[in-house]
Every structure is written in structure tokens, then in C-alpha cells.
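Single-structure report; data block below.
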Amino acid sequence: MTDKIIKIAIVGITGYGGLELLRLLYNHPNAKVVSIHNTQTENTDISEQFPHLKSMYNLTPTVFDPMHIMQEADLVFFATSSGVSKNLAQDFIQAKFPVIDLSGDFRLPADIYKKWYKKEPASDEIIQQAHYSLADFYDNKATYIANPGCYATSTLLALAPLAQNHLLDKDNIVIDAKSGLSGAGKSLTLASHFINVNENFSMYKANHHQHIPEITQQLQQWQSDITHIQFTTSLLPINRGIFVSAYVKINDDSQAEKIQELYTATYANKQFVRVMPKDQLPSIKQVIGTNFTDIGLTYNPDTKYLTIVSVLDNMIKGAAGQAIQNMNHLFDLEESTGLHLIAQYA
Numbered sequence: 189m190t191d192k193i194i195k196i197a198i199v200g201i202t203g204y205g206g207l208e209l210l211r212l213l214y215n216h217p218n219a220k221v222v223s224i225h226n227t228q229t230e231n232t233d234i235s236e237q238f239p240h241l242k243s244m245y246n247l248t249p250t251v252f253d254p255m256h257i258m259q260e261a262d263l264v265f266f267a268t269s270s271g272v273s274k275n276l277a278q279d280f281i282q283a284k285f286p287v288i289d290l291s292g293d294f295r296l297p298a299d300i301y302k303k304w305y306k307k308e309p310a311s312d313e314i315i316q317q318a319h320y321s322l323a324d325f326y327d328n329k330a331t332y333i334a335n336p337g338c339y340a341t342s343t344l345l346a347l348a349p350l351a352q353n354h355l356l357d358k359d360n361i362v363i364d365a366k367s368g369l370s371g372a373g374k375s376l377t378l379a380s381h382f383i384n385v386n387e388n389f390s391m392y393k394a395n396h397h398q399h400i401p402e403i404t405q406q407l408q409q410w411q412s413d414i415t416h417i418q419f420t421t422s423l424l425p426i427n428r429g430i431f432v433s434a435y436v437k438i439n440d441d442s443q444a445e446k447i448q449e450l451y452t453a454t455y456a457n458k459q460f461v462r463v464m465p466k467d468q469l470p471s472i473k474q475v476i477g478t479n480f481t482d483i484g485l486t487y488n489p490d491t492k493y494l495t496i497v498s499v500l501d502n503m504i505k506g507a508a509g510q511a512i513q514n515m516n517h518l519f520d521l522e523e524s525t526g527l528h529l530i531a532q533y534a
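Numbering (the working numbering), first residue to last: 189 to 534.
What follows is the structure in C-alpha cells.
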């Protein structure tokens, strides 16, 4: 184990992603959070607003100052809402200072971002300096890392073995994705009121979710003929968790009986992807509190549909945990450092 200590700044500390980064980094042997930042001035210790941090951290949020951050830290995490980091990142990009961005601002080209996020994008020149990094297939040393979204992570890991081997029937990719309420962030809306979520189940952003182009873009890098997917999202009355059900057809029937072996081989050396035994499908509870994605699949020889279920914790594997996994890669640490977590099963 290296004794390297990475000094970390977190921007956007009061959101779910920022707080989860604080929680996970506390036990990371090679990380020290040296500063936390909001876009608004705060003059009180973080533990006064969040009592669960009392005696754990002695940090007061300070005004965002890129030069000060770069002088004091080795890495900055942006845990801001989409639409924020694109206005704050330019100094870091110009200085080639390491950044891991949990927002969606640098995952897509400018024109596509504007269409799907309904916000003004950063310039393409700046966006092109970022690298989209699905941590389990990390293959870069970019200094600005665009951390994938939670739905995108679960869906891409579910489909990667097929797409990478050009086995997906491009016209039969149907994704039914469900998330716990924390995936919506902390901003209160009518849809996130307890009375509307508890003992209820609802679909939202049908055909309009901003992770659709993110997923399609990565699938195309693996299998170039994929131009679209059918993707819907629903809200589960739980705090956290992603449950993706993918219904796909493969373009080579002779490979149907080999799919289980393909998944097992693809993820054999991926520490944070666990493939279930044949015809066994995972549940959300087995991954909550961990950085794992668990995947199960079953094939119907009558309909020729392959059902793939992928589950993860949206706040860890879908956000802060994957960001730390990317940090470990970036600083040449063992991938699982600080991420040895057992599911909160009860």
C-alpha cells in the first residue's frame, strides 16, 4: 500500500453527492479532505448543519476560489447540480488540474447537452478537454473526468459485454429503469413530497431523461450501428438504489447459449461488477451501501429476448463511489482503495 496522500477539495458540499463523498473519503487511507466549498458563503462548521459529521470533520465551507483550491489541493470533486460546474471549471481545465465532475455538464457535446438538459452548455472546446470515464472500463489519464450518471452506469454495465462484441440487435434495446428518491437530488419538488412518493409508484421523463444520450453515446463507441434505445424511468418509494431491467435481442442466435459465459468473462477481473449465476436475478438490497453493480440475466428461447437486471446504489456506485474509483485510477492506487464496503442488508 502506498503512503501517498491526496489532498482533496469538494465543491457542492451540501448536496447528497458531496455528503457521500465526505462519508466515503473519511476512511480512505490515501485521501484527506482539505477544503469544502459552496457557491454561497457559509461561516459555520459543516457539522452544525449536518450533525452526523460532528467529531468526524472540522471543516467550514468557504467561497469558491479556483486559485486557492489549486494551491492547497491535488484534486477537486465537483458535486454540483448540472448547470453549475460548466461555469466554474475553465480555470482548472486550462491549468490541467485534476477534476472529477459528478454532474452532467461535461458528459455530452454542447448541442446535445443543450437539447437534453435545457441549459446553456460550456463551449465544445472546453467540453472536449473532459473524458467520460465509466470506471470499470477506465482507459485514460485525462485530468478532467466526467463521472457517469447513475442510470447510465447501471445500464451501460448491463449492456457492455454485448455491445463490445457487437451482439446487440440495434432495433430491440428496451430499458426500464427505476431509482430511489435520492437520485432526484435535494431540491424539493411536488413529485418528491413524501405524500406523493410513499406507497406510490410513478414513471417520469418518459423518453426525455437526460441520461438517454449519455448511454447511447457510449454504446455507439462499442457498437457503432446503435443509434437509439427505448428508455423509461420510474421512481421507487425507497431512499436509494437503481434497478435496471433491460430487454434486448441479440443479432446472432447461435451465441444465445454463450451469453452467461460472455458476461462472466467480461467481468472476471472487474472488482466492482458481480455476475449472478445463470437465471438468477439480483435485488437492490444486496448492493445498498456498496460500490458494487450486480448483474443477472435470463434468456427466453421462445421470444428470443434476453432479460438483464442490473442493480446498484445510486449514491455510491452511481455517484461518489465511482468518482473515488476514478480517483484511485487517476492517482495509480489500487482500484478498491477506500471502497471495501459490505451491503447494508437489514
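For glycine and all other residues, C-beta sits at the position ideal for the given N, C-alpha and C.
query	result
Could you tell me how far apart the beta carbons of V497 and V432 are, in whole angstroms, since I believe they sit closer than 8 angstroms?	7 angstroms
Report all residues from its chain with a CB closer than 6 angstroms to the CB of Q237; omit the five preceding and five following residues, and keep chain order.	none
If you follow the beta strand (DSSP E) that T420 is part of, which residue opens it and which one closes it?	418–423
Per DSSP, V475 forms a beta bridge with which residues?	For V475, which the question treats as bridged, DSSP gives no partner whatsoever.
Quick one: residues in its chain with C-beta nearer than 6 angstroms to the C-beta of D262, no 5 flanking neighbours on either side, listed in chain order?	I194, K195
Determine the closest residue to S412 out of Y301, N328, F419, I403, with distance taken between C-alpha atoms.	I403
How close, in whole Å, do the beta carbons of L407 and L369 come, if the pair is a contact with beta carbons under 8 angstroms?	Wrong, their Cβ atoms sit about 27 angstroms apart, outside the cutoff.
Who are the near neighbours of A197 in its chain, counting only those whose CB is closer than 8 angstroms to its CB and skipping five residues on each side?	V221, V222, S223, I224, H225, I257, E260, A261, L263, V264, F265
If I measure Cβ to Cβ from I414 and keep anything under 8 angstroms in the same chain, skipping five residues before and after, which residues do I get?	A351, L356, K358, I361, T404, L407, Q408
Can you give the Cα-Cα distance for G509 and D490, rounded to whole angstroms?	39 angstroms
Would you kindly check if the distance between the Cβ of F480 and the Cβ of A323 is under 9 angstroms?	no
Any contact of the stretch 271–288 with the stretch 210–219, i.e. 3+ C-beta pairs under 8 angstroms?	no
Determine, using beta carbons only, whether V385 and P336 come nearer to each other than 9 angstroms.	no
Using 8 angstroms for Cβ pairs, my map puts I504 next to T478. What's the rounded Cβ distance?	6 angstroms
Would the beta-carbon of I288 fall within 9 angstroms of that of A511?	yes
Since A298 and D312 should fall inside the 8 angstroms C-beta cutoff, what is the C-beta to C-beta distance between them, to a whole number of angstroms?	5 angstroms
Should A318 and I300 be called a contact, given that it needs their Cβ atoms to be closer than 9 angstroms?	no
Can you tell which of H399, A394, K366 has the C-alpha that lies nearest to the C-alpha of N388?	K366
Give the range of the beta strand (DSSP E) segment to which M289 is assigned.	Just to set this straight, residue 289 is Asp in the shown sequence, not Met. Residues 287–289.
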